[in-house]
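Protein chains in written order, with the working numbering: chain A, 66 to 353; chain B, 81 to 324. Even glycine gets a Cβ: it sits at the ideal position worked out from N, Cα and C. Each remark here refers to the structure printed beneath this line.
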Amino acid sequence: MEIFSQLIFNSIIAGAVYALIALGFNLIYGATKFLNLAHGVMTAIGGYTVFYFTKTLDWNIYLAVIIGILFAGLIGFSLDKFVYFPLRKRKASNMVLLVASFGAFTAIQAIIAILFNSRFQTLSQNTSAQKSFEIFGGVITQTQLIILASAALIMTGLVLLLHKTRFGKAIKAISDDEEVAKIVGINTNKIIGYVFFIGSAIAGFAGILVGFDTGIEPTMGLDLLFKGVIASIVGGIGNLYGGVLGAFLLGFVENFGIWKISGDWKDAIAFALLIVFLIFRPRGIMNK
Amino acid sequence: MTILETRNLIKRFGGVHAVDHLSIEVEKGRINGIIGPNGSGKTTLINLLSGMLAMDGGEIIIDDVQKFTQMFPHQVFFYGIARTFQNVRLFEQMTVLDNILVILTKRNVFSSLFEKHTEYHLKKAEEVLQRVDLWKKKNQLAINLSYGQRKLLEIARALVTDAEIYLLDESFTGLFPEMRKIVSNIICELKQENKTVILIEHDMGLIRELCDYIFVMNEGKLLVEGKPNYVLEGKEVIEAYLGK
Ligand SMILES: Nc1ncnc2c1ncn2[C@@H]1O[C@H](COP(=O)(O)OP(=O)(O)O)[C@@H](O)[C@H]1O
Ligand SMILES: [Mg+2]
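Right, here's the structure in full:
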């Protein structure tokens with residue numbers, strides 16, 4: 066019973082983090098139709114920005130978190146403006162954009178590794194003193210509760226943004242038919258820029274949450290990218306709700322998969338889930 | 081006054097000369113028909129005028145002063161051009177109402193971030209959807225509409241851009257009589273508002289009834305142009321359609 070509750074908590078927390086990454090990934094994919102691999106490194110940008118401001122400069126932690134989120138968004142926005150947009154303008158194929166995004170990923174990851182050391186380190190001030198709660202025999206920490214609450218908040222906010230605002234409608238129109246959206250006067254490039262900002266900022270926030278829960282290292286983006294991409298494909302690529310669903314499914318499969326075996330199998334189980342879907346339902350759960 | 085002009089416009093697909101040194105002048109405030117057999121380059125011409133295809137030569141001139149050796153999709157709205165597609169292209173996953181509302185968005189992206197649609201926009205959307213008899217379908221997804229309703233929604237979407245020039249590619253094809261009536265009313269109203277219409281159409285009865293002027297295309301070239309009565313009696317047109 067205790068281990069069962071614990072596994073459920075772990076699944077939900079992992080799912081929430083993956084969901085945040087999948088949200089931004091799918092939002093960007095929907096608008097641009099290419100797999101933005103650089104999305105993963107936004108988590109490291111968020112994490113290390115907070116690390117720098119809190120541990121090196123000793124700034125207020127909440128302020129540092131806000132700066133971290135904004136900075137990740139800004140980097141995503143700039144990538145679009147200075148790399149992807151010029152490529153789109155030259156009618157580069159989605160394969161070229163994918164390769165470019167992988168280049169951006171590698172370059173940014175290398176810069177982080179040079180600026181900071183490659184050691185795994187936590188963002189938490191004092192791990193041992195962290196408050197934790199026991200529910201149904203499982204343990205959940207205060208950080209993890211914050212992860213859940215903020216993930217729920219961001220998902221709700223994004224849904225409202227997409228469904229209730231004119232900006233959200235423009236994003237949907239671009240996802241449906243970018244060329245027609247242009248012709249009827251929607252400023253598609255500007256809106257795609259904002260989409261990159263929002264998606265990357267959310268990924269940065271996910272990286273910060275991971276940093277407080279466990280820790281950060283320069284290469285953290287790759288693992289989180291894989292999880293976000295798997296969640297997106299399983300749920301239905303480009304579909305925001307699908308991505309969230311896929312994220313929680315991945316969280317559960319991953320954590321319950323290692324119930325009786327070593328935790329080292331986690332990533333293998335995640336990829337097994339991906340392969341099962343690629344073979345039997347490549348369009349994912351939600352896409353028709 | 082000439083509102084739109086092409087000079088030696090060229091578009092090739094491999095060896096096919098889809099538009100071949102085409103020079104036409106379109107008068108403001110008229111309903112202009114473009115006729116010609118299948119494959120004569122009518123749709124390609126509209127695709128060039130709306131920046132959806134790259135030109136291989138020649139130029140497009142808008143309002144006598146704006147010269148283009150290449151049009152881009154994002155310029156089309158700015159220069160007051162709206163179009164429909166022979167194969168209808170809607171925002172499929174959006175509702176009928178949202179297909180219209182998304183165009184009424186202010187051009188300022190940042191303000192649109194937090195803003196909802198105003199009463200004014202909703203009123204305008206209702207007005208145009210009433211005009212094409214789709215207000216009762218406003219909450220349906222575009223993808224679920226019937227063929228004719230899709231065509232009408234696309235016309236409504238062109239109307240709300242408030243353009244000066246409307247490029248309509250076979251807007252009547254496949255429509256029921258009552259829907260045809262709606263479309264021809266809209267075209268006549270556009271003329272009353274001194275807007276310019278370019279209509280591709282195969283039904284010669286409609287062309288005769290609606291158009292002030294006709295261009296006949298054949299194999300990418302301008303075969304003949306003029307008033308409907310003059311052109312439709314001419315032997316060139318009969319030959320182009322029926323062969324010599
Ligand atoms: N995207 C394209 N790729 C290749 N050939 C095309 C394309 N679009 C049109 N064509 C060719 O150009 C010619 C003119 O086509 P189109 O403009 O569609 O004619 P119309 O609208 O008058 O029936 C045809 O021979 C057609 O096969
Ligand atoms: Mg055609």
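Please classify residue i: is it buried, with 16 or more other beta-carbons within 10 angstroms of its beta-carbon, or exposed?
i        : result
B:Cys268 : exposed
A:Phe201 : exposed
A:His354 : Shown here, chain A extends from 66 to 353; a query on residue 354 of chain A therefore has no answer.
A:Glu282 : buried
A:Ile257 : buried
A:Met107 : buried
B:Val216 : In the sequence as presented, Val is not what sits at residue 216 of chain B; that position holds Lys. With fewer than 16 Cβ atoms within 10 Å of its Cβ, B:Lys216 is classed as exposed.
B:Asn179 : buried
B:Thr198 : exposed
B:Glu107 : exposed
A:Gly168 : exposed
A:Ser197 : exposed
A:Met160 : exposed
B:Val145 : exposed
B:Glu281 : buried
A:Arg184 : exposed
A:Ala217 : exposed
A:Phe90  : buried
A:Ser166 : buried
B:Met259 : buried
Check whether the Cβ of residue i lies closer than 7 Å to any heavy atom of ligand 1, and answer yes or no.
i        : result
B:Val96  : yes
B:Phe93  : yes
B:Asn118 : yes
Less than 7 Å between the CB of residue i and some heavy atom of ligand 2, yes or no?
i        : result
B:Thr253 : no
B:Lys122 : yes
A:Asp332 : no
B:Asp249 : yes
A:Gln209 : no
B:Gln146 : no
B:Gln220 : no
B:Gln166 : yes
Determine the chain B residues that contact residue i at a beta-carbon separation under 9 Å, and present them in chain order.
i        : result
A:Lys237 : Phe171, Gln173, Met174, Asp178, Val182
Applying a beta-carbon distance threshold of less than 7 Å, which residues of chain B neighbour residue i?
i        : result
A:Lys247 : Pro153, His154
A:Leu244 : The question names Leu, but residue 244 of chain A in the sequence shown is Glu. Simply Met132, Pro153.
A:Asp241 : Phe171, Glu172, Gln173, Met174
So which residues of chain A does residue i contact, with C-beta pairs closer than 7 Å?
i        : result
B:Val256 : The sequence given here places Phe at residue 256 of chain B; Val does not occur at that position. Within chain A, no residue comes near B:Phe256; the closest Cβ sits about 25 Å away, beyond 7 Å.
B:Glu211 : According to the sequence as given, residue 211 of chain B is Arg; it is not Glu. None at all; the shortest Cβ gap to chain A is about 17 Å.
B:Phe252 : Correct list: empty, because the minimum Cβ distance to chain A is about 21 Å.
B:Arg237 : Val249
For residue i, go through chain B and note every residue whose CB falls closer than 8 Å to its CB, in chain order.
i        : result
A:Lys234 : Met174, Asp178, Leu181, Val182, Thr185
A:Ile93  : Correct list: empty, because the minimum Cβ distance to chain B is about 16 Å.
Measure how close the beta-carbons of residue i and residue j come, nearest whole angstrom, since I'm counting them as under 8 Å.
i        : j        : result
B:Arg163 : B:Leu89  : About 16 Å; that fails the 8 Å criterion.
B:Ser130 : B:Gly300 : 18 Å between Cβ atoms; not a contact.
A:Gly349 : A:Gly280 : In fact, because the Cβ distance is near 31 Å, the residues do not count as touching under 8 Å.
A:Gly264 : A:Ile93  : 5 Å
B:Ile111 : B:Leu279 : 6 Å
A:Ala81  : A:Leu188 : Contact doesn't hold; Cβ gap of about 17 Å is too wide.
B:Val296 : B:Glu305 : 7 Å
A:Gln195 : A:Thr208 : 7 Å
A:Leu223 : A:Leu88  : 6 Å
A:Ile219 : A:Ile267 : 6 Å
B:Val168 : B:Lys122 : The Cβ separation is near 17 Å, so there is no contact.
Please list the partners that residue i has in chain A, where partner means a Cβ-to-Cβ separation under 8 Å.
i        : result
B:Arg163 : Ile248
Using the beta-carbon of each residue, which ones in chain A are nearer than 9 Å to residue i?
i        : result
B:Phe157 : Lys247, Ile248, Val249, Gly250, Ile251
B:Thr241 : Ile248, Val249, Gly250
With contact counted as at least three CB pairs below 8 Å, one residue from each stretch, are the segment 295-311 of chain A and the segment 112-119 of chain A in contact? no
Please name the residues in the segment 115-135 of chain B whose beta-carbon is closer than 9 Å to at least one beta-carbon of chain D, in chain order. In summary, chain D is missing from the structure at hand, where the protein chains are A and B.
I'd like to know if the segment 199-219 of chain B and the segment 233-242 of chain B are in contact, where contact means that at least 3 CB-CB pairs between them fall below 8 Å. yes
Would the segment 153-169 of chain B count as touching the segment 213-229 of chain A if we require 3 or more Cβ pairs under 8 Å? no
Give a yes or no on contact between the segment 314-330 of chain A and the segment 83-97 of chain B, applying the rule of three or more CB pairs nearer than 8 Å. no
Three or more C-beta pairs closer than 8 Å, one from the segment 166-180 of chain B and one from the segment 217-228 of chain B: is that the case here? yes
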